[in-house]
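Note sheet for the following structure.
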Amino acid sequence: MANASIAVLISGRGSNLKSLIDACADDGFPAEISLVISNRPKAPGLKHAETAGIRQAVIDHRDFETREEFDAALDERLQAEGVDFVCLAGFMRLLSDGFVDEWRGRLINIHPSLLPAFRGLNVQERTLDAGVKIAGCTVHFVSPELDAGPIIGQAAVPVLPTDNVSSLSSRILEQEHKLYPQCLRLVVEGKARISGAVVQYDAEIQCVGALLNPPTD
Ligand code: GAR
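Start counting the sequence shown at 1032; every next residue gets the next number (my numbering).
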């Protein structure tokens, strides 16, 4: 079967884009990135696409009067490309309901919290303020509500007493880079499927073990 064609949308650094590029470079990974789109002309992450020889496009949101017009331009480009899935990777724009509906089930996002906790911005700061002892990240299908939609996968990390926003962000990001490719693989292979408001896995996918914080001896 042909590899699934992916578009990755970014706004900034692009480290998750890089992890997806690296995963797609592996033999046997069932997807390839056809196009990277940034809504910011100077997004540092565009260099990852350039290095990997992947086509890139800038659709600058400032060139459009309304969110709907920007989303229509985005949609037009994605449809013209004929991509199968769209991965948001640090794409910091709210998408309109129409766009989300059009791409429902084919639009995936990563967020640096264990959703449904800590939706929105300044996630790590709010995580530390809340004093939770386990944090993490979530890959999910996008629904019109912000940072919501059927959860494909999550990774958990401990929050340490010495943590600040930077150290916690780095620990979560390290897991993001493993989780996103793994979730994309499951979706593309049809092993993680939307069922109502949730995602169900094939029976063969089983997880064991637990993360305790504080740990036991
Ligand atoms: C990542 O931590 C990602 O989870 C987050 O932005 C960062 C982008 O980093 N996304 C969100 O907060 C979406 N709500 P990157 O540009 O290095 O991939």
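For every residue, glycine included, the Cβ atom is placed at its ideal position computed from N, Cα and C.
Just so we're clear, the structure is a prediction, and the values are computed from it rather than from any experiment.
Item: Taking ARG1135 and HIS1092 to be in contact with their CB atoms under 8 Å, please state how far apart those CB atoms are, rounded to whole angstroms.; Value: About 22 Å; that fails the 8 Å criterion.
Item: How many Å lie between VAL1173 and VAL1229 at the Cα?; Value: 12 Å
Item: Under three-state DSSP, which class holds ILE1224?; Value: In the sequence on display, residue 1224 carries Arg and not Ile. Note: ARG1224 maps to strand in three-state DSSP.
Item: Using a Cβ-Cβ distance under 8 Å, would GLU1205 count as near chain D?; Value: The chain inventory of the structure shown lacks chain D, comprising one protein chain alone.
Item: Any heavy atom of ligand 1 inside 7 Å of the beta-carbon of ILE1139?; Value: no
Item: Closer than 7 Å by C-beta to LYS1049: which residues in its own chain qualify, once you throw out the five before and the five after it? Chain order, please.; Value: HIS1079
Item: Indicate, with yes or no, if ligand 1 has a heavy atom lying under 7 Å from the CB of GLU1207.; Value: yes
Item: Measure the Cβ-Cβ separation of ILE1085 and ILE1064 and say whether it is below 8 Å.; Value: yes
Item: Going by beta-carbon coordinates alone, are HIS1208 and THR1169 separated by less than 8 Å?; Value: no
Item: Helix or strand or just coil, what does DSSP make of SER1198?; Value: helix
Item: Using the Cβ count rule (16 or more neighbours within 10 Å means buried), how would you classify GLN1237?; Value: exposed
Item: What ranges does the beta strand (DSSP E) occupy inside the stretch 1136-1203, keeping only unbroken runs of at least 3 residues that lie completely in it?; Value: 1138-1142, 1165-1172 and 1182-1189
Item: Leaving out five residues before and five after LEU1159 in sequence, what residues of the same chain have Cβ atoms less than 8 Å from its Cβ?; Value: VAL1190, ASP1194, ASN1195, VAL1196 and LEU1199
Item: Taking LEU1019 as the reference, give the member of VAL1114, ASP1094 and PHE1060 with the closest Cα.; Value: Any property of residue 1019 remains undetermined from this structure, which presents the chain solely from 1032 to 1248.
Item: In its own chain, which residues sit with a C-beta less than 6 Å from the C-beta of SER1036, not counting the 5 before and 5 after it?; Value: SER1065, VAL1114 and ASP1115
Item: Exposed or buried, which one is ASP1102 when buried takes at least 16 other CB atoms within 10 Å?; Value: buried
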